[in-house]
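Contents: one structure, followed by commentary.
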Amino acid sequence: MRRLGIADIRAGLADGDFSAVELVEDRLAALEGAGALNAVVTPMPDRALEAARAADRRRAAGEPALPLDGVPVAVKDLFCTEGVRTTASSAMLEGFVPPYESTVTADLIAAGAALAAKTNLDEFAMGSSTVTSHFGPAVNPWKAKGDARPRAPGGSSGGSAALVAASVVPAALGTDTGGSIRQPAAFCGIVGLKPTYGRCSRWGIVAFASSLDQAGPMTRSVRDAAILLAAMAGHDPKDSTSAQQPVPDFEAALGGGVRGLRIGVPREYRVDGMPDALDALWQEGARWLKEAGAEIVDIPLPHTHYALPAYYIVAPAEASSNLARYDGVRYGLRASADAIEEQYARTRRAGFGAEVRRRVLIGTYVLSAGYYDAYYTKAQRVRRLIARDFEQAFETVDAVLTPTAPTAAFALGEKMDDPIAMYLNDVFTVPASLAGLPAVSLPAGLDADGLPLGLQLIGRPFDEETVLRAAEALEAAAGFDAEPEFVL
Amino acid sequence: MSAVIEGRDGVWEYAIGLEVHAQVASAAKLFSGAPTAFGAEPNAQVSLVDAAMPGMLPVINRVCVEQAVRTGLGFGGNIARYSVFDRKNYFYPDLPQGYQISQYSDPVVVGGTVEIPGRTVQITRLHLEQDAGKSIHDRDPDRTLIDLNRSGVALMEIVSEPDMRGPEEAAAFLTRLRALLRWLGTCDGNMQEGSLRCDANVSVRKPGAELGTRTEIKNLNSIRFLREAIEYEGRRQVEVIESGGKIRQETRLFDPDRGETRAMRTKEDAHDYRYFPDPDLLPLELDEAFIEDIRASMPELPEARRARFVEQLGLSDYDADLLTAERARADYFEAAAEGRDAKQAANWVAGELLGRLNKEGLDIEAAPIPAAGLGELIALVADGTLSGRMGREAFEAMWETGRPAAAIVEERGLKQISDTGALESLVDELLAREADKAAEYRAGRTKLLGFFVGQAMKATGGKANPKVVNELLRSKLEE
Amino acid sequence: MALDRATVERIAALARIEIADDEADALAAELGAILGWVETLNEVNTEDIAPMTSVGGHRLPWRGDKVDDGGYPDRILANAPDAAGAFFAVPRVVE
Ligand SMILES: [Mg+2]
Ligand SMILES: [Zn+2]
């Protein structure tokens, strides 16, 4: 049952090939065997089985099946889950048990999904490797040919990506602030979609950078991503930034093909030092789409080079304020001290890891008196220029094709010494984040070492349909069916 | 009303600006659905949003915005079509988010004025912001206790220019502003419960000189304390300057027991609030229709009503002021005066009614005599059915029993005898009985008239209409 | 942009994060390198470009003035590291 995707499970249950409980029990067993990936922070077997039983009961009673009946879904441990500890992979929140359920996970439960585990991530979603987790790094199920070293699954949604790649679960929830769904998807050879900002509710998701955070699906097929997105998307009156947009039938948008679509290829994404295999795959991707009937257009996105620095001002600034609530007063870690100021400083020192402290300090600095305009305001102006680049591009093209990440998965321990080298992982994903655009990463091939490489498609605001259609065409052409070393 | 401080080398004048925090009258909080009512059990009026649980998000309460706009229109401010909610970042145990959602660069109301006797005080701005929770320091020997019930309650911060020239002007400003807020129903103005709090920015200068360095006196929770604190702070500053010292720009606290202000201990970094637009919210954009609807629903403002009472109803400035000090008062007066003589009505409301309410320490809403009922009494006096004295007697009875004037008049036979026929025979008998005194009168001792009137009143148990008796006696004694 | 030790200490104090004496200099170098890198933004001409503070074109939505939340102190206090009755408790704050 391990290779079954959401669509297969839907069919299998309908045909009575297996029951939801059989499937979920099988996948829970796989989860138990997946310890080597260190991808799970908190398993939720009881929740999952309860959902599976309910799904079987519905079928027995002849009630109409729910869209995600019996589908095991892993949840990044950034989504608050009622009665189940939610840690953001931080010592700061160890033992915190939310008395509430995030809107997105509540929607999945309502759709019949069997939420099976809370997954490992970079602490507070700050990272591109899942190495900054308080619970230790998650491990990529892929290994390079002739190289036994464990590799990073990317991040910050690395635990979710690893479980889906290893076939432990058919689908997982991630969140993406600067690439945290798409980059791990590329590193692990799966599909990861960051919806348009405002498409999915942020209510109940531990905040990193409010103007960028967005939840999205991580699956093994474009169709499954469409099915999961349909269950996650929709307006939430509890989130002022949630868009009042009708939710289309994403799955129905598939199969349309790309004939007549204009696909932009931005020259600025061809950075020096880009691996040949990646450059070649990118060009091949363009060729595949062309053969499928799309028109390939060379486009400028002139400010691309400035997206990453702008992001590393905006995101830390928002984070420095969003993380101020972790003060040891109402929940989470409290370091003992006999004066409140002492308690704050010790709690936040002990509760936050090095990367989180680094970003909180940077964010505090760029907002502080005398530096606000030079850094924060400047970055927000550049952010508008980046958004404008895309607006202009979308006057002539329907979607933009780029690589997802500049490299394949690196070995654990690499890039750890130099923060900026780590930040560069997101060079291709951050621009769409700053502009709030929908973007998907899908596995398009392997490099010389047999490690997966991903391509990214970026679309117009709230046009996930076109993004998914084009991704499906690429998926078909790429025919990516390689499997990682570690599968369950 | 402007006051000066007598220094060693000449007089100094005050420059006072106020920062008023007024709790918006609303059922729910500014960004959550939790209630705002005063005096609940600790943390019983707290939502997950107010406690800043991870992943919680603010959604603004429309009525709080309306109240801010209504208040702005009330003091003639400009309503911003575009305003922004910023985060003011600082750490305090009763500030759950680690920031206060406030408005910094683009407030919802800009400008406006409040009239006080002898001066027009400029309003700088009004902005909406969240209140913090409550820290209780005196309940536990070694811990501070935190109650978040107030956390997230909507406040209007109203800031004035440093236009006030003394403690009395500051008090007058706060009194007028409070009355306006209550008049508009945008804040209950209750200073004891903290729904109205005041900070005072105080500086002194030689008349006509540049503004001096100001100190900010925080949390003045009564108009008396406001007066006393400013009084003290002005003198303190003059003494410091005249003895060669400098005023430090600092925050001070008023100690009511000592009648002194003292500098607050604040950390050096405490003032880098790192304001930036709250990314959980969007800019607040108000369209004309929204603002016009509120404008259309505005009650007649105190100034306008005061003027109308003087110009159209002919009331004295004093009565007009008194009767427009509170909207309920003005409403009561107009209801009582409906179809009556306005001046008489004003005398009854401003005199008898307010006097009695004062004595009993009651609000006019609690008066046992309804406005219409007082109106009937006023009519009975006006048409001579009751003498002034009878009117007051009836008023007392109405207050005690709550029964209508007509009924009281019946029960107590409080009817003045104005019928000439009845009185004439009474006067004739009297003159016959007191023939010699009548003769003395006719001989020129006209001051005996008082005696005859007294006798007549006595004979009727005070019910005779003295005016009629007078006329009858005169005509008979002088025929 | 070189960051000095004093600045790092000021920022850490603002952020309420304790830093050890022996790490301040390293931190200064590290943060300085990041700030130096982000300053490449100064190459971009942003004259009369309005800062982009929010994504999405819709208006700020609002709720009615309805009381539909609160009333569960137990849930509010459930995760409290220290509480006294229905209050959160912290080390005594001297005003
Ligand atoms: Mg203030
Ligand atoms: Zn304020």
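Residue numbers (our numbering), protein chains in the order written: chain A, 323 to 810; chain B, 133 to 611; chain C, 1065 to 1159.
Here a beta-carbon is modelled for each residue, glycine too, at the ideal position from N, C-alpha and C.
As the structure is a computational prediction, the values presented were derived from the model and not from experiment.
Task: Cutoff 7 Å; reference Leu555 of chain B; Cβ partners in own chain excluding five residues on either side - done: For Leu555 of chain B, where only same-chain residues beyond five positions count, the Cβ hits under 7 Å are Ile549, Ala596, Val600, Val601, Leu604.
- [ ] Please name the residue in A:Arg324, A:Ala565, A:Thr454, A:Arg381 whose C-alpha comes closest to that of His1122 of chain C.
- [x] It is A:Ala565 whose Cα lies nearest to the Cα of His1122 of chain C.
Task: Identity of the residue in A:Ala361, A:Cys522, A:Ile708, A:Leu400 nearest Arg473 of chain A by Cα - done: A:Ala361
Task: Close-in-space but distant-in-sequence residues of the same chain around Leu581 of chain B (CB under 8 Å, 5 per side omitted) - done: Tyr573, Asn602, Leu605, Arg606, Leu609
- [ ] Would you verify that the beta carbon of Lys700 of chain A is, or is not, closer than 8 Å to some beta carbon of chain C?
- [x] Taking a beta-carbon distance threshold of 8 Å, Lys700 of chain A counts as an interface residue toward chain C.
Open item on the list: Can you give me the C-alpha to C-alpha distance between Ala608 of chain A and Pro760 of chain A, rounded to a whole angstrom?
Closed with: 19 Å
Task: 9 Å Cβ cut-off: residues of chain A touching Met396 of chain B - done: What Met396 of chain B touches in chain A: nothing, since even the nearest Cβ is about 15 Å away.
Task: Closer than 8 Å to chain C by CB, Phe465 of chain B - done: no
TODO: Note down, in chain order, every chain B residue with its Cβ under 7 Å from the Cβ of Asp561 of chain A.
DONE: Leu189
Open item on the list: So, for Pro570 of chain A: in the same chain, excluding its five sequence neighbours on each side, which residues have a beta-carbon less than 7 Å away from its beta-carbon?
Closed with: Glu787
Open item on the list: 8 Å is my cut-off, CB to CB: does Trp610 of chain A come that close to chain B?
Closed with: no
Task: DSSP beta-bridge partners of Asn210 of chain B - done: B:Val242
TODO: State the DSSP-derived secondary structure class of Met366 of chain A, mapped to helix, strand or coil.
DONE: coil
Open item on the list: Any C-beta of chain A within less than 8 Å: which residues of the region 209-228 of chain B qualify?
Closed with: So the list reads Arg219, Asn221, Phe223, Pro225, Pro228, given in the order they occur along the chain.
- [ ] Kindly say whether Asp1068 of chain C, judged by its beta-carbon, lies nearer than 8 Å to any beta-carbon of chain B.
- [x] no
TODO: List the residues that DSSP assigns as beta-bridge partners of Gln548 of chain B.
DONE: For Gln548 of chain B, which the question treats as bridged, DSSP gives no partner whatsoever.
- [ ] Give the C-beta separation of Phe305 of chain B and Leu205 of chain B to the nearest angstrom, bearing in mind that I take them to be a contact with Cβ-Cβ under 8 Å.
- [x] With 8 Å as the limit, Phe305 of chain B and Leu205 of chain B do not qualify as a contact, their Cβ atoms being about 19 Å apart.
Task: Buried versus exposed, by CB contacts within 10 Å (16 or more), Asn351 of chain B - done: When all chains shown are included, Asn351 of chain B counts as exposed.
Open item on the list: Does the CB of Ala361 of chain B have a neighbour CB from chain C at under 8 Å?
Closed with: no
- [ ] Could you say which of A:Arg703, A:Arg542, A:Glu344 lies nearest to Leu631 of chain A if we only look at CA atoms?
- [x] Note on residue identity: the sequence assigns Pro, not Leu, to residue 631 of chain A. Among A:Arg703, A:Arg542, A:Glu344, the Cα nearest to that of Pro631 of chain A belongs to A:Arg703.
- [ ] Enumerate, from N- to C-terminal direction, the unbroken beta strand (DSSP E) stretches of 3 or more residues contained entirely within the region 210-283 of chain B.
- [x] 218-221, 231-234, 245-248, 251-262, 266-268, 275-279
- [ ] Report whether the distance from the Cβ of His1122 of chain C to the nearest heavy atom of ligand 2 is below 7 Å.
- [x] His1122 of chain C: no, Cβ never under 7 Å from ligand 2.
Open item on the list: Can you tell me whether Gln262 of chain B is buried or exposed? The criterion is at least 16 other CB atoms within 10 Å of its CB, across all chains shown.
Closed with: buried
TODO: Leaving aside the five residues before and after Ala373 of chain A along the sequence, list all residues of the same chain whose C-beta is less than 6 Å from its C-beta, in chain order.
DONE: Cβ within range, chain order: Ala436.
- [ ] Go ahead and label Asp769 of chain A buried or exposed: buried means 16 or more other beta carbons lie within 10 angstroms of its beta carbon, across all protein chains shown.
- [x] buried
Open item on the list: Tell me which residue opens and which closes the beta strand (DSSP E) that Cys330 of chain B is part of.
Closed with: 328-337
Task: Other residues of its chain near Gly405 of chain A: CB distance less than 7 Å, five sequence neighbours each side excluded - done: Val419
Task: DSSP bridge partner residues for Ser690 of chain A (one or two, in chain order) - done: None, per the DSSP bridge assignment.
- [ ] For Asp649 of chain A, name the three-state secondary structure that DSSP assigns.
- [x] Asp649 of chain A falls in the coil class under three-state DSSP.
- [ ] List the residues that DSSP assigns as beta-bridge partners of Met296 of chain B.
- [x] Answer by DSSP bridge pairing, in chain order: B:Ile148.
Open item on the list: Please classify Gly523 of chain B as buried or exposed, where buried requires at least 16 neighbouring CB atoms within 10 angstroms.
Closed with: Burial call: buried.
- [ ] Could you pull out every residue in the same chain whose Cβ sits closer than 7 Å to the Cβ of Gly139 of chain B, ignoring the five residues on either side in sequence?
- [x] Val370, Glu374
Open item on the list: With a threshold of 8 Å between beta-carbons, can Thr403 of chain A be considered close to chain C, or not?
Closed with: For Thr403 of chain A, the closest Cβ of chain C is not nearer than 8 Å.
Task: Endpoints, beta strand (DSSP E) assigned at Val395 of chain A - done: 394-398
Task: Below-8 Å beta-carbon distance, Glu400 of chain B vs any chain A residue - done: With a pLDDT of 48 at Glu400 of chain B, under the threshold of 50, the modelled position of that residue is not reliable, and the figure given next carries that caveat. Not an interface residue.
Task: chain C within 8 Å of Glu261 of chain B, Cβ atoms only - done: Glu261 of chain B does not count as touching chain C.
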